[in-house]
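2 protein chains.
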Amino acid sequence: MKKYCFGIDIGGTSVKMGLFDISGKVLDKWEIPTRTANGGEAILPDIAASALAKLTDMNIPKEEVAGMGIGVPGPINDAGVVPHTANLGWGYKEVTKEMEELTGFPCKGGNDANVAALGEMWKGAAAGRRSGVMVTLGTGVGGGIIINGKILAGTNGAGGEIGHIHVDDTIPGHCGCGNQGCLEQVASANGIVRLAKWMLQDKAEVNTCLDTDIMSAKDIWDAVKAGDEFAVEVAERFGKYLGTALANIASTVDPEVFVIGGGVSRAGQVVLDYIQKYYVKYTFKACRNADFVLASLGNDAGIYGSARLVIEE
Amino acid sequence: MKKYCFGIDIGGTSVKMGLFDISGKVLDKWEIPTRTANGGEAILPDIAASALAKLTDMNIPKEEVAGMGIGVPGPINDAGVVPHTANLGWGYKEVTKEMEELTGFPCKGGNDANVAALGEMWKGAAAGRRSGVMVTLGTGVGGGIIINGKILAGTNGAGGEIGHIHVDDTIPGHCGCGNQGCLEQVASANGIVRLAKWMLQDKAEVNTCLDTDIMSAKDIWDAVKAGDEFAVEVAERFGKYLGTALANIASTVDPEVFVIGGGVSRAGQVVLDYIQKYYVKYTFKACRNADFVLASLGNDAGIYGSARLVIEE
């Protein structure tokens, strides 16, 4: 009888690991370093060794393990194959096949943003919902789309790459993806600061308490909460970009709920308020009542979602 | 043994009906009028009577029928319930339940744009593909999204309502949905004419062979093919709106293929060329190679897709 599963979230510097029972209760969680040297050849063996050691420590027979889900920072297809993941040192890698050989139990893989979305839908802010879109406003803008409880991975593993939705031709500079005018350029933590600096260029005089040379996204949201005139202008513009983009996603996939996570979401409800103001204005009427919630699992969303991969209904 | 199925496409003036074998070969197709009087109470009984009469005519026992798929012009949920469909006269209606009682075989329902997409993915221009987006450029702009062979219907039946993607704050007037700046306002057959007239407002002089008072979408595309300077400008703007919208859909659902149908698509490859020019510019790099094809089933897409609903793998 299968009683346990592992949820793994591989990052560029550390691997988060979780041991769960199959109801989704976390029994233990820990981290190991991500050794990216030599083409990242040690990463999967390190994870396998750590997982098997944990079973021994806890006197759990391997036969009681339903499997291991693995979140990777890059595209991974349904067969568990990664074509290339620069920040792990990997070229072509059959991740789940290798891990099944190393551990002896069934493995499934998913993109890290997608498994985080699955985690929030399973045990986090959107628990009990069937369809949702998670938006992670961090260093970049990530996304994950869950339809009827399953990840929408996409033909090229690019499902939910909503940071690269084109929002405005006039945004200065290029996105990391090479395009111009991506949502990520104005809605990530760095993006909000970039947006504020861009808006400053058109102003002869600015009414703000912000030190505009060294402001962070957190400084801007703190100033919004304090009623700072310029910061509120920036928040409106941010809300219009993101709210319109999510309105257009709704006209495409019509989710029950949007989950907003990542560092920027730590500013709280105020972030949702500015997004929803424009979402409601621009979305198709049938989608107007979609819920907006703040992510609740933080950095653990990935291990929950990965675990879910191997015990899906 | 199940050998046959029905595909039904209910429109505001007529119902298209098809009898198929379960390999998807159409054995017969015909139309009956849509009687919308008295809350559309005759529509389902008329369809059932016509289908059962066809079985009698062709000496097919009811036991050999796998079921009936029904496309309706409005939202319909997974349980086959329509909340309200104005142009059929229906209020709340349990479509598939009623039809199962009338016919005695299993029934499934879908929105007409979505079943048309399923038809093109099954037996039309995108046959053999697993994931695709169909865009119908007709009186309005409709859409249907197929992921792993299944319709993405959405929480409120608004999956694929891509005509209501917000593309530009400055578009004059309102969309039929009540919003401003919808894709449908500039990319449907009427929308292209509206776009051309709007572009004329900013011009002191226009270099065109078009009679700008009475031009149709077809006239504009004919002029594009003849190299007309103004018509080409309109086509570029149309291509930018639609290409950008599809680029953003790709960053969300990452389809293998886009199928372009509806009256406007009869202008042919030139329509795809203007869309793809901007699609390639604005989409996320992993999605750049998505195929663009013209729909091939015409008005039969709906009956094919409806039939597919009851014989899905």
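Note that the protein sequences, when read in sequence, are chains Y and U.
Every letter in the first sequence is one number past the one before it in the numbering used here, and letter 303, counting from 1, is 303.
Offset between the second sequence (1-based) and the numbering used here: plus 1000.
Here a beta-carbon is modelled for each residue, glycine too, at the ideal position from N, C-alpha and C.
Are the beta-carbon atoms belonging to residue i and residue j less than 9 Å from one another?
{"i": "K240 (chain Y)", "j": "V270 (chain Y)", "result": "no"}
{"i": "F238 (chain Y)", "j": "V186 (chain Y)", "result": "yes"}
{"i": "L242 (chain Y)", "j": "I275 (chain Y)", "result": "yes"}
{"i": "G1140 (chain U)", "j": "N1111 (chain U)", "result": "no"}
{"i": "G71 (chain Y)", "j": "G12 (chain Y)", "result": "no"}
{"i": "L1152 (chain U)", "j": "V1253 (chain U)", "result": "yes"}
{"i": "V115 (chain Y)", "j": "G144 (chain Y)", "result": "yes"}
{"i": "I1260 (chain U)", "j": "A1290 (chain U)", "result": "no"}
{"i": "G39 (chain Y)", "j": "W122 (chain Y)", "result": "no"}
{"i": "S131 (chain Y)", "j": "G1149 (chain U)", "result": "no"}
{"i": "I147 (chain Y)", "j": "M134 (chain Y)", "result": "no"}
{"i": "V1232 (chain U)", "j": "R1129 (chain U)", "result": "no"}
{"i": "A66 (chain Y)", "j": "I220 (chain Y)", "result": "no"}
{"i": "D1222 (chain U)", "j": "A1189 (chain U)", "result": "no"}
My assumption, with CB atoms under 8 Å, is that residue i sits in contact with residue j. Please give the rounded CB distance.
{"i": "H349 (chain Y)", "j": "C182 (chain Y)", "result": "Coverage of chain Y is limited to positions 1 through 313, which leaves residue 349 (chain Y) absent and any answer about it impossible."}
{"i": "L52 (chain Y)", "j": "M99 (chain Y)", "result": "That belief does not hold up - the Cβ atoms of L52 (chain Y) and M99 (chain Y) are roughly 11 Å apart, past 8 Å."}
{"i": "A1301 (chain U)", "j": "E1120 (chain U)", "result": "5 Å"}
{"i": "D9 (chain Y)", "j": "S306 (chain Y)", "result": "6 Å"}
Just how far apart, CA to CA, sit residue i and residue j?
{"i": "A1158 (chain U)", "j": "E161 (chain Y)", "result": "21 Å"}
{"i": "T170 (chain Y)", "j": "A1247 (chain U)", "result": "17 Å"}
{"i": "A48 (chain Y)", "j": "L55 (chain Y)", "result": "11 Å"}
{"i": "W30 (chain Y)", "j": "I303 (chain Y)", "result": "10 Å"}
{"i": "A196 (chain Y)", "j": "L272 (chain Y)", "result": "19 Å"}
{"i": "V1026 (chain U)", "j": "L1019 (chain U)", "result": "6 Å"}
{"i": "M1068 (chain U)", "j": "I1060 (chain U)", "result": "15 Å"}
{"i": "C1107 (chain U)", "j": "K1097 (chain U)", "result": "8 Å"}
{"i": "G1080 (chain U)", "j": "A125 (chain Y)", "result": "30 Å"}
{"i": "C5 (chain Y)", "j": "S265 (chain Y)", "result": "30 Å"}
{"i": "A1042 (chain U)", "j": "A1117 (chain U)", "result": "27 Å"}
{"i": "A286 (chain Y)", "j": "T34 (chain Y)", "result": "45 Å"}
{"i": "L1200 (chain U)", "j": "K1277 (chain U)", "result": "23 Å"}
{"i": "C175 (chain Y)", "j": "G163 (chain Y)", "result": "10 Å"}
{"i": "G1109 (chain U)", "j": "P255 (chain Y)", "result": "20 Å"}
{"i": "E94 (chain Y)", "j": "T85 (chain Y)", "result": "12 Å"}
{"i": "N1299 (chain U)", "j": "A204 (chain Y)", "result": "59 Å"}
{"i": "G191 (chain Y)", "j": "W1198 (chain U)", "result": "34 Å"}
{"i": "V1015 (chain U)", "j": "A1127 (chain U)", "result": "25 Å"}
{"i": "A113 (chain Y)", "j": "D202 (chain Y)", "result": "35 Å"}
Using a Cβ-Cβ cutoff of less than 7 Å, which residues in the same chain neighbour residue i once the five nearest sequence positions on both sides are dropped?
{"i": "Y279 (chain Y)", "result": "G243, L246 and A247"}
{"i": "K1003 (chain U)", "result": "D1021, I1022 and E1064"}
{"i": "S1050 (chain U)", "result": "M1017 and I1032"}
{"i": "P1083 (chain U)", "result": "P1075 and Y1092"}
{"i": "N77 (chain Y)", "result": "G157"}
{"i": "F1230 (chain U)", "result": "V1206, N1207, T1208 and L1210"}
{"i": "M215 (chain Y)", "result": "V193 and A196"}
{"i": "A1235 (chain U)", "result": "V1224 and Y1274"}
{"i": "R1288 (chain U)", "result": "V1280"}
{"i": "M1 (chain Y)", "result": "E64"}
Which residues in the same chain have their Cβ closer than 8 Å to the Cβ of residue i, if we skip the five residues on either side of it in sequence?
{"i": "G1104 (chain U)", "result": "K1062"}
{"i": "M58 (chain Y)", "result": "L19, L27 and D28"}
{"i": "N87 (chain Y)", "result": "G12, T36, P73 and G74"}
{"i": "G1173 (chain U)", "result": "Q1180, Q1185 and R1194"}
{"i": "D1168 (chain U)", "result": "G1181, V1186 and Y1241"}
{"i": "A1213 (chain U)", "result": "The residue you asked about is not Ala; residue 1213 (chain U) is Asp in the sequence shown. No residues qualify anywhere along the chain."}
If you drop the 5 nearest sequence neighbours on each side, which residues of the same chain put their C-beta closer than 6 Å to that of residue i?
{"i": "T283 (chain Y)", "result": "A247 and A250"}
{"i": "G1024 (chain U)", "result": "K1123"}
{"i": "D228 (chain Y)", "result": "T208 and C209"}
{"i": "L309 (chain Y)", "result": "G69, K108 and G110"}
{"i": "K218 (chain Y)", "result": "none"}
{"i": "G1263 (chain U)", "result": "G1138 and A1189"}
Inset, instruction - Can you give me, in chain order, the residues of the stretch 1277 to 1309 of chain U that have a beta carbon less than 7 Å from any beta carbon in chain Y? - result: Residues Y1282, F1284, K1285, A1286 and C1287.
Legend entry - Residues of the stretch 1251 to 1276 of chain U with Cβ closer than 8 Å to any Cβ of chain Y, in chain order: S1251, T1252, V1253, D1254, P1255 and E1256
Legend entry - Residues from the stretch 112 to 132 of chain Y in contact with chain U, defined by Cβ distance under 7 Å: S131
Inset, instruction - Using a Cβ-Cβ cut-off of less than 8 Å, list which residues of the stretch 1233 to 1252 of chain U approach chain Y; keep chain order. - result: Within the stretch 1233 to 1252 of chain U, T1244, A1245, A1247, N1248, I1249, A1250, S1251 and T1252 place their CB atoms closer than 8 Å to a CB of chain Y, listed in sequence order.
Inset, instruction - Determine which residues of the stretch 64 to 94 of chain Y have a Cβ less than 8 Å from any Cβ of chain U, and write them out in chain order. - result: So the close ones are P75.
Inset, instruction - Report the residues of the stretch 1154 to 1165 of chain U with a CB closer than 9 Å to any CB of chain Y, ordered along the chain. - result: From the stretch 1154 to 1165 of chain U, only G1154, T1155, N1156, G1157, A1158, G1159, G1160, E1161, I1162, G1163, H1164 and I1165 have a Cβ closer than 9 Å to chain Y.
Inset, instruction - Note down, in chain order, all residues in the stretch 176 to 199 of chain Y with a beta-carbon under 8 Å from any beta-carbon belonging to chain U. - result: C177, G178, N179 and G181
Legend entry - Residues in the stretch 1135 to 1146 of chain U having any Cβ partner in chain Y nearer than 9 Å: G1143 and I1145
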